[in-house]
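Note that my numbering numbers the sequence shown so that position 90 is 79, with each residue one more than the last.
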Amino acid sequence: MGETDWKLRLPVACTQRLPTAADLLQIRSYVYAEEPNIDIHNFVGTFTREDSDPPINESLSIENTLWAGTVIASGTVVGVVLYTGRELRSVMNTSNPRSKIGLFDLEVNCLTKILFGALVVVSLVMVALQHFAGRWYLQIIRFLLLFSNIIPISLRVNLDMGKIVYSWVIRRDSKIPGTVVRSSTIPEQLGRISYLLTDKTGTLTQNEMVFKRLHLGTVAYGLDSMDEVQSHIFSIYTQQSQDPPTLKGPTLTTKVRKTMSSRVHEAVKAIALCHNVTPVYESNGVTDQAEAEKHYEDACRVYQASSPDEDLLQIRSYVYAEEPNIDIHNFVGTFTREDSDPPINESLSIENTLWAGTVIASGTVVGVVLYTGRELRSVMNTSNPRSKIGLFDLEVNCLTKILFGALVVVSLVMVALQHFAGRWYLQIIRFLLLFSNIIPISLRVNLDMGKIVYSWVIRRDSKIPGTVVRSSTIPEQLGRISYLLTDKTGTLTQNEMVFKRLHLGTVAYGLDSMDEVQSHIFSIYTQQSQDPPTLKGPTLTTKVRKTMSSRVHEAVKAIALCHNVTPVYESNGVTDQAEAEKHYEDACRVYQASSPDEVALVQWTESVGLTLVGRDQSSMQLRTPGGQILNFTILQIFPFTYESKRMGIIVRDESTGEITFYMKGADVVMAGIVQYNDWLEEECGNMAREGLRVLVVAKKSLTEEQYQDFEARYVQAKLSVHDRSLKVATVIESLEMEMELLCLTGVEDQLQTDVRPTLETLRNAGIKVWMLTGDKLETATCTAKNAHLVTRNQDIHIFRLVTNRGEAHLELNAFRRKHDCALVISGDSLEVCLKYYEYEFMELACQCPAVVCCRCAPTQKAQIVRLLQERTGKLTCAVGDGGNDVSMIQESDCGVGVEGKEGKQASLAADFSVTQFKHLGRLLMVHGRNSYKRSAALSQFVIHRSLCISTMQAVFSSVFYFASVPLYQGFLIIGYSTIYTMFPVFSLVLDKDVKSEVAMLYPELYKDLLKGRPLSYKTFLIWVLISVYQGSIIMYGALLLFESEFVHIVAISFTSLILTELLMVALTIQTWHWLMIVAELLSLSCYIASLVFLHEFIDVYFIATVSFLWKVTVITLVSCLPLYVLKYLRRRFSPPSYSKLTS
């Protein structure tokens, strides 16, 4: 037996006598199992059922168990979990893999240790040659650092890079295809193998068993003589069928010599019976054990394994497919089978295709791959997301360029004041290095760390749970949004459709009168059950006025039949279509469809008495209020498309034989299809103004001859390769004439929670909101009003449909004469305006308080975002929840995805992901505002820190005849930007000017940020002046107050500089956090503690004197006190807007 054979497992015998699986949960029983152990071949246990008389006890062995992760070949299993976690035998038999280190690496490590020993020896020898004079232990450390190159630090890097190259070469070797390198740390091991240990089954062998020989002692049969064995078997069973039947039971027989045929038969029979193989019968990929019991079909039989339908692989056929294109709604192709007489041709449409990555809801699919790689339509419709760089980062980069220019200018001025004497070009390089602190290297690091903190704070905010930051590089963008572009369905609304109204022309039924509809349906089917049955087939009837009950019944019946909804029956989460066909249990039924509108309509027909209980590709079943099942055969389906804006279905009633063509669609297309009436347009407008999605439902009765004629023309049109869509549409349109108008349906998509206050908050914050949707104009307009996107006192200008340049010019002129007016425009009109009058249209649209674009394609949404960015230069934020919003989200400066019912495509493609639209208000007003203001303060303070020390260096060089000598050396210059000032400066990321509640209550505070005042050339210049002032005061003060030694200048100036920076952080902070205080004290403590070790740069005895203390105090007060006074005066006489709210 091989290692991958399927194992036969047995259930507990007494449980197999229970009627249903559900009864298993009702019995009172328990299982005894042995303690966990490592033995995988044996198991000891008992099953005891206590509620039987007498109690039933059965032993359990390894054959009654299943391992965790076992794949069931057929059927289902209900079991009891005996062991979990570390007690699983599979876990107990698994050892933790060791971390492999190659022998080559160990040898290199050994050589490195020898080099380290050499380093120590050389250092000791050098100190010994100095006779261990003075502080010889410090000299040893200096020599260790001096000779540290003996140990090659880059050796590890080079070896690891080499291993990556070796792995890449192995994977790319065409002579060993499919080779995968899973551990790139030990490729050198392959060159030093001494012993190779290999498995047999599946490694040296193919693990495919082939029967080779049958030996009976006196004769042997090989592969070339198996036909003889077959003839022996055939002769035995032919003889038995001809002999008369014998009585059952054992009989006494004399011992006779067996014939060769009987010996072969007994051997083959023994082999066919002595095994644990189970035959499984499969049909179209679905295991069907019942079929196995009925027919034992060879074509469907496999032995404990599933495989594609072999018959499908044997036919001779080909598929014609059109060239790759970007259209995701249509496909043109044909399937031709050549080995039939005559050849079979069938047309292929988009309904016969599956996208790459599609999840199959039930069953399996065998198909042909048509397109791959870049030819996939999903790939052709995907735009490469651009790498988003925040406006704040661009502004900081601009300031950094200015600082670089200042660095070059200062260096040139210093050399010019030396009159370019000597090798002046070398002096320029020295000054560039000396003043390199002007460019704050740590600025980028501090900002990136700040962004990580902002992202963490957003994720941890309990008031916007579920928010995810997918792009941590642009949190400051949230604080400067000028235009918010949002989808409607699923973003502003819940995408939960509720049936609101049924309109029959003369009467309308709302939610409060649905019981009348139900009573009409009940009366119709009660009357039918009492009337005698009629003969099948169409009959000639005179035209009579229909009763209200019959009109309601026809409308409801049309809605219950004209859709693409499939009822699915689920039991304990497992889809069970067979159960649906047997019982149609309401509790287990769910409806699946591509549109929530469709589901809402079918759920409504169920609520009034006509229930969809079953559907497959060719039939549909409805259940009446009395429990009767109505069967309909689906003859043709015409699916909904964005071009046709309607869907139709032709069905045959199995009870009467009547053929009916039902259709539903948008009013703009159905108005020309249905018979003349005087109420359709008016009522559609009324329902749309109430925010309802309106569908027009109509029907047409067909005779058998009419349908046969249509079907012949329709099949012929579908087989055409060129202009198929046009030909098919022409044939369908021949039916779409003079249809009987049945009813109008109105479905409402309810707004999400707190959409109105959120939009009002955004509007008060100075953010203009544009709604881009694929819905019809009336529905979009009504939703905009309901959501208060358009305020009550604002007029709405509906941009009429334009098709050419002249019409667009006239309509734009009419729109220009209106002021403070919201704009509503359709996608078709928008396309014409952008084609001829792009600049004029965008100029007018940007002046509107709100814009609603309806019937927008995904590419149009992205185009609008791009035009807003180009024409206004302002930041845009796009919000959506579906795959059609991905392009818009990726194109915007800041994309926000809402996790809704349409999946997570938008959420995964966005920079930020929220669970509800209302969370957007806090995301922008609180987190966006804080992130921008904090980063602005942090960046300018880091620049100030660098300019201070650079100013001191410039003053120092100027005083000492423009010498290119550094003021601070060694650890001082490194510690200044790190441990001495890093924590207080970075603590500015915790600062905030107002509480989050105040920021939400007064969204007008957000307006101040739109002008970019927290970080501008003005604020940058102010901080430069402060840096120059403080750096000059500290340096000149130190030069004036020092007495004798130069080291005193360093001590006084550096201490004053550190204290000044700490006080400036305190001056900048607006709301203290306990971590800020800790950071200030920690930095000051680090500086004081490090003075003990800085005796090479600072005189330790001098800093302990009173003279040092008063000099440092005076210099620090002169550098900081004026700024504190200015800050107080500014807050007293010209307070910022936020201070008025906090006072």
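Using N, Cα and C, we set each Cβ at its ideal position, and we do this for glycine too.
For the region 873 to 891 against the region 422 to 442, are there 3 or more C-beta pairs whose distance is under 8 Å?
no
Whole alpha helix (DSSP H) runs in the region 376 to 429 with 4 or more residues, listed along the chain?
380 to 406 and 413 to 423
Between D743, I662 and R612, which has its C-alpha nearest N620's C-alpha?
That would be R612, whose Cα lies nearest to the Cα of N620.
Nearest CA to the CA of L135: which residue from L108, R160 and F121?
Selected option, being the one with the closest Cα: L108.
Is it buried or exposed, G191, if we count other Cβ atoms within 10 angstroms and call 16 or more buried?
exposed
At 3 residues or longer, what runs of the beta strand (DSSP E) sit wholly inside the region 667 to 712?
681 to 691
For A1040, the nearest candidate out of L1056, S1096 and I463 (CA to CA)
S1096
Let me confirm a value: N334 is counted as buried when at least 16 other C-beta atoms fall within 10 Å, else exposed. Which label applies?
exposed
Taking a contact to mean a Cβ-Cβ separation below 9 Å, would you say E643 touches K689 in this structure?
no
Taking a contact to mean a Cβ-Cβ separation below 9 Å, would you say V67 touches L55 in this structure?
no
Compute the beta-carbon to beta-carbon distance between H916 and L467, rounded to the nearest angstrom, for a pair I have assumed lies under 8 Å.
6 Å
CA nearest to the CA of L118, picked from N46, D40 and F132:
F132
Distance, Cα to Cα, V779 vs C837?
11 Å
Tell me which residues share the same chain as T1049 and place their Cβ nearer than 8 Å to its Cβ, disregarding the 5 neighbours each side in the sequence.
C937, Q1019, I1023, T1105, S1108 and C1109
Three-state class that DSSP yields for Y1117 in the structure shown
It is helical.
Which two residues bound the contiguous beta strand (DSSP E) that contains H786?
Going by DSSP, H786 is part of the beta strand (DSSP E) stretching over D784 to I787.
Exposed or buried, which one is Y957 when buried takes at least 16 other CB atoms within 10 Å?
buried
Look at the Cβ atom of C673, then the Cβ atom of W759, and state whether they are nearer than 9 Å.
With a cutoff of 9 Å on beta-carbon distance, C673 and W759 are scored as not near each other.
Measure from the alpha carbon of S815 to the alpha carbon of each residue in V357, F223 and Q849, then state which is nearest.
Q849
Buried or exposed: where does I165 fall if 16 or more other Cβ atoms within 10 Å of its Cβ makes it buried?
exposed
Should N484 be labelled buried (16 or more other beta-carbon atoms within 10 Å of its own) or exposed?
buried
What residue from V321, A1093, A925 and M1065 has the CA that sits closest to D382's CA?
A925
Given 8 Å, three or more beta-carbon pairs between the region 244 to 257 and the region 222 to 230
The region 244 to 257 vs the region 222 to 230: in contact.
Please return the same chain residues whose Cβ sits closer than 6 Å to the Cβ of Y703, not counting the five positions on each side in sequence.
The answer, listed in chain order, is V720.
Mapping DSSP to helix, strand and coil, what is F324?
strand
Stretch pair the region 177 to 195 + the region 208 to 223: three plus CB contacts closer than 8 Å:
no
Suppose the cutoff is 6 Å on Cβ atoms and the five residues either side in sequence are ignored; what does the same chain contact list for A122 look like?
No residues qualify anywhere along the chain.
Ordered along the chain, which non-local residues of its own chain (more than five positions away) have a Cβ less than 7 Å from that of S920?
The residues are Y443, P464, E465, L467 and G468.
By the 10 Å Cβ neighbour count, where 16 or more other Cβ atoms means buried, how is W593 classified, buried or exposed?
buried
Nearest-angstrom Cα separation, counted from L998 out to T655
The sequence shown places Ala at residue 655, not Thr. The straight-line gap from Cα to Cα measures roughly 45 Å.
C-alpha distance - S538 paired with E595, whole-angstrom precision:
17 Å
Please state whether DSSP places I447 in a helix, a strand or coil.
helix
Which one or two residues does DSSP pair with C883 in a beta bridge?
DSSP output for C883 lists C866 as bridge partner(s).
Rounded to whole angstroms, what's the CA-CA distance from I1047 to Y965? Just pull it up for me.
Separation of I1047 and Y965 (C-alpha to C-alpha, rounded to the nearest whole angstrom) is 8 Å.
Who does V813 pair with in a DSSP beta bridge?
I787 and V841
Cβ of V1147 within 9 Å of Cβ of L601?
Residue 1147 lies beyond the stretch modelled for the chain, which goes from -10 to 1132, so this question has no answer here.
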